[in-house]
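K.L.:
Numbering (this note's numbering), first residue to last: 5 to 595.
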């Protein structure tokens with residue numbers, strides 16, 4: 005064996021002893037193309053979209069005759085009625101929702117870490133990620149409306165109401181319903197990100213040491229564990245903050261309307277028949293981007309200030325008590341989130357099969373499938389687009405992520421902090437801030453309104469979630485399996501296909517389910533890239549949300565929620581079924 009052969013056969017390299025070094029390097033070089041292709045597909049549309057948005061914001065849009073730089077779009081933006089209140093609503097609802105979500109997730113982890121309740125909550129909250137934002141928002145509107153399930157449950161015995169009260173419980177001017185919807189959807193995400201961060205740190209050891217020193221369970225977690233995981237959950241928190249500040253579909257369903265939040269206001273200008281408003285809309289999209297950047301920077305500054313002010317408290321020796329109050333409050337908050345999510349989903353299902361449901365009856369007075377029968381012909385097209393685009397975007401994302409992770413293992417390198425920022429970029433940059441520019445580029449290339457463009461736009465948001473879900477399980481896989489297979493003569497490709505993928509089947513399926521649910525939930529990318537010619541279940545559900553026929557809205561909302569939930573169910577059941585089939589096959593072979 006030559007020296008080069010020995011180098012290629014060292015741990016961390018799956019080249020087989022005796023395989024020429026040049027061949028192994030050739031395989032590695034082919035795999036190294038995957039991260040480059042991923043970055044091009046990933047960052048290219050964002051960079052081009054930002055350029056295509058900022059140029060019209062200063063009057064440059066040749067398609068509409070804009071060839072001379074001007075500040076007129078910004079003057080029109082600043083003179084727009086309701087702009088100040090729209091900005092205030094965006095900042096207020098975004099900050100409150102993020103603070104509440106982060107606080108609930110943080111206190112629950114601090115109070116219940118290491119308990120059976122903590123493990124059970126992870127299993128119960130994970131499926132909430134599958135519920136699309138729009139479907140959940142519609143269900144929450146059914147729950148909170150003046151004639152919704154909550155008021156029905158209290159009427160007339162507790163409220164005395166025989167008719168729905170005149171209350172602005174949905175689309176309220178202060179954005180309370182919007183904040184509640186965002187908190188219920190974002191708290192599970194932040195909690196699962198915290199759980200993933202805990203797995204990458206010696207959290208249990210730090211907690212044990214703190215408890216040995218006499219600290220209470222909550223105080224031990226805050227002082228001993230939180231400093232270890234805070235840096236790793238910073239980017240997910242920023243992503244939640246950026247999303248809450250610029251969300252469109254949830255704001256359209258639950259948020260204020262006169263005026264709406266800034267993102268919804270900008271979308272109105274983009275959709276206006278007056279094409280001259282595209283310049284003002286582009287300026288508004290830039291303002292949304294500046295607003296998100298400023299608030300995220302302010303959040304980061306607040307982190308630094310709180311960190312410095314809390315140093316004395318961290319080393320003060322205060323050990324805290326048993327944490328009973330924190331446990332009760334955090335468990336109650338998490339139970340309320342779960343109850344709201346279940347109630348919203350149940351409301352969608354009930355309204356979709358209700359024949360009549362008079363106020364204040366708690367349940368429908370009759371049941372029928374007539375609404376489904378009438379809606380199915382119109383549902384088939386959007387459902388087919390939703391499924392095909394979701395499966396294609398998820399498949400491409402899985403291939404790219406698996407290629408990147410496999411290249412990472414073979415090369416022995418991991419993405420830096422800068423690489424993680426690039427990964428989170430589509431989640432940090434407001435969608436309204438670059439999708440218009442992406443649409444301009446697609447129009448110039450003659451690709452707008454096409455299936456490929458729609459898949460590409462969804463891929464931008466599917467890929468980060470797939471990577472975040474799959475990276476830790478892939479990296480945690482014991483390398484000895486691959487080394488043993490390589491020593492038995494298996495090629496790197498065979499090791500990947502026959503050893504790693506079967507062992508990682510469950511994480512891969514879960515990542516695929518999450519990626520598919522993210523694709524199903526996309527509203528703005530579908531509106532811009534699809535150009536209105538490729539409607540999905542999400543765009544149809546949001547479009548119907550303001551209608552008066554709750555039965556039809558329930559059908560579309562439930563139809564939107566069903567595919568992601570089915571994907572999660574398959575991800576949970578398939579590994580067990582495949583393992584059982586293999587055992588039966590082995591038993592048959594022995595017989």
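Just so you know, even glycine gets a beta-carbon here, dropped at the ideal spot from N, CA and C.
(1) Report yes or no: do the region 150–162 and the region 526–539 share at least 3 C-beta pairs separated by less than 8 Å?
(2) I need the boundaries of the alpha helix (DSSP H) containing residue 311, first residue and last residue.
(3) Would you kindly report the start and end of the unbroken alpha helix (DSSP H) that includes residue 414?
(4) Would residue 465 be called buried (16 or more neighbouring beta carbons within 10 Å of its own) or exposed?
(5) So, does the region 393–411 touch the region 232–242, judging by three or more C-beta pairs under 8 Å?
(6) Should residue 400 be labelled buried (16 or more other beta-carbon atoms within 10 Å of its own) or exposed?
(7) Within the same chain, show all residues whose beta-carbon is closer than 8 Å to that of residue 175, passing over the 5 residues directly before and after it, in chain order.
(8) Out of 388, 364, 359, which one is the CA nearest neighbour of residue 374?
(9) Below 8 Å CB to CB, which residues in the same chain sit around residue 177 once its five sequence neighbours on both sides are set aside?
(10) Is it right to say residue 227 is buried, meaning 16 or more other beta carbons lie within 10 angstroms of its own, or is it exposed?
(11) Using only alpha-carbon positions, find the residue among 321, 332, 133, 147 that is nearest to residue 115.
(12) Compute the distance between the beta-carbons of residue 440 and residue 289, then report whether it is under 8 Å.
(13) I'd like the list of long-range same chain contacts for residue 138, defined as Cβ closer than 8 Å, with 5 residues on each side in sequence excluded.
(14) Tell me whether residue 323 sits in a helix, a strand or coil according to DSSP, three-state version.
(15) Which of the three DSSP states is assigned to residue 586 in this structure?
(16) Using alpha carbons as the reference points, say which of 122, 510, 287 lies closest to residue 195.
(17) Assuming residue 429 and residue 50 are in contact, meaning their beta carbons sit under 8 Å apart, how far apart are those beta carbons, in whole angstroms?
(18) With the cut-off set at 8 Å, would you say residue 471 and residue 426 are in Cβ contact?
(19) Pairing CB atoms from the region 483–494 with CB atoms from the region 339–352, are three or more of them under 8 Å?
(20) Residue ranges of each alpha helix (DSSP H) run of no fewer than 4 residues wholly in the region 434–506, ordered along the chain?
(21) Pull up the distance between the alpha-carbon of residue 306 and that of residue 495, whole angstroms please.
(22) Please list the segments of the alpha helix (DSSP H) lying wholly inside the region 318–363, counting only runs of 4 or more residues, in order along the chain.
(23) To the nearest angstrom, how far is it from the Cα of residue 376 to the Cα of residue 356?
(24) What is the rounded straight-line gap between the Cα of residue 516 and the Cα of residue 522?
(25) How far does the alpha helix (DSSP H) with residue 219 in it extend, from its first residue to its last?
(26) In the DSSP assignment, find the alpha helix (DSSP H) that holds residue 79 and state where it starts and stops.
(27) Give me the DSSP bridge partner(s) of residue 371.
(28) Excluding sequence positions up to five away, which residues of its chain have a Cβ less than 7 Å from the Cβ of residue 366?
(29) First and last residue of the alpha helix (DSSP H) that includes residue 551?
(30) If we call anything under 8 Å between Cβ atoms a contact, is residue 134 one with residue 568?
(31) Spatial neighbours of residue 143 within its chain, please: CB distance less than 7 Å, with the 5 preceding and 5 following residues excluded, ordered by chain position.
(32) Assess, as a yes-or-no matter, whether the region 436–451 is touched by the region 47–62 under the definition of 3 or more beta carbon pairs within less than 8 Å.
(33) Taking contact to mean at least 3 C-beta pairs separated by less than 8 Å, is the region 488–503 in contact with the region 442–461?
(34) Give, in chain order, every unbroken run of the alpha helix (DSSP H) that is at least 4 residues long and sits entirely within the region 172–222.
(35) Using the three-state DSSP reduction, which class does residue 70 fall into: helix, strand or coil?
(36) So, does the region 327–342 touch the region 186–193, judging by three or more C-beta pairs under 8 Å?
P.N.:
Taking the geometry as given:
(1) Pairwise C-beta distances place the region 150–162 out of contact with the region 526–539, as fewer than three of them are shorter than 8 Å.
(2) 281–313 is the span of the alpha helix (DSSP H), which, as asked, contains residue 311.
(3) Counting along the chain, the unbroken alpha helix (DSSP H) around residue 414 starts and ends at 374–415.
(4) It counts as buried.
(5) Counting C-beta pairs closer than 8 Å gives fewer than three between the region 393–411 and the region 232–242, which falls short of the contact rule.
(6) Result: buried.
(7) Only 181, 258, 259, 260, 261 meet the Cβ criterion.
(8) When each option's Cα is compared against that of residue 374, the closest is 359.
(9) Correct list, in chain order: 260, 262.
(10) When all chains shown are included, residue 227 counts as buried.
(11) Closest by alpha carbon: 332.
(12) For the 8 Å CB-CB criterion, residue 440 and residue 289 form a contact.
(13) So the qualifying residues of the chain are 253, 254, 257, 525, 527, 542, 545, 546, 549, 561, 564.
(14) Three-state result, residue 323: coil.
(15) In this structure, residue 586 counts as helix in the three-state DSSP scheme.
(16) Closest in alpha carbon position to residue 195, among 122, 510, 287, is 122.
(17) The beta-carbon distance between residue 429 and residue 50, rounded to whole angstroms, is 6 Å. This is short enough to meet the 8 Å contact definition.
(18) No, the pair does not count as a contact, with Cβ atoms beyond the cut-off.
(19) They do not touch, by the three-pair rule.
(20) Those alpha helix (DSSP H) runs which fall completely within the region 434–506 and span 4+ residues are 435–449, 455–480, 483–491, 496–499.
(21) One Cα belongs to residue 306, the other to residue 495, and the distance between them is close to 51 Å.
(22) Here the runs fully enclosed are 328–356.
(23) Taking the straight line from one Cα to the other gives about 7 Å.
(24) Whole-angstrom Cα-Cα distance: 10 Å.
(25) For residue 219, there is no enclosing alpha helix (DSSP H), as DSSP marks it with neither H nor E.
(26) First-last of the alpha helix (DSSP H) with residue 79: 76–82.
(27) Residue pairing by DSSP places residue 371 opposite 358 in a beta bridge.
(28) 156, 157.
(29) Taken as a continuous stretch (DSSP letters only), residue 551 belongs to no alpha helix (DSSP H), as it is neither H nor E.
(30) Their beta carbons are under 8 Å apart, which means residue 134 touches residue 568 by this criterion.
(31) Beyond the five residues adjoining it in sequence on each side, residue 143 comes within less than 7 Å, by CB distance, of 348, 349, 351, 352, 561 in the same chain, given in chain order.
(32) Between the region 47–62 and the region 436–451 there are three or more inter-stretch CB-CB distances shorter than 8 Å, so the stretches are counted as touching.
(33) Judged by Cβ distances under 8 Å, the region 488–503 makes no contact with the region 442–461, as fewer than three pairs qualify.
(34) Counting only runs of 4+ residues, the alpha helix (DSSP H) found wholly inside the region 172–222 occupies 180–202, 207–216, in chain order.
(35) Looking at residue 70 - three-state DSSP - the assignment turns out to be strand.
(36) Short answer: they touch.
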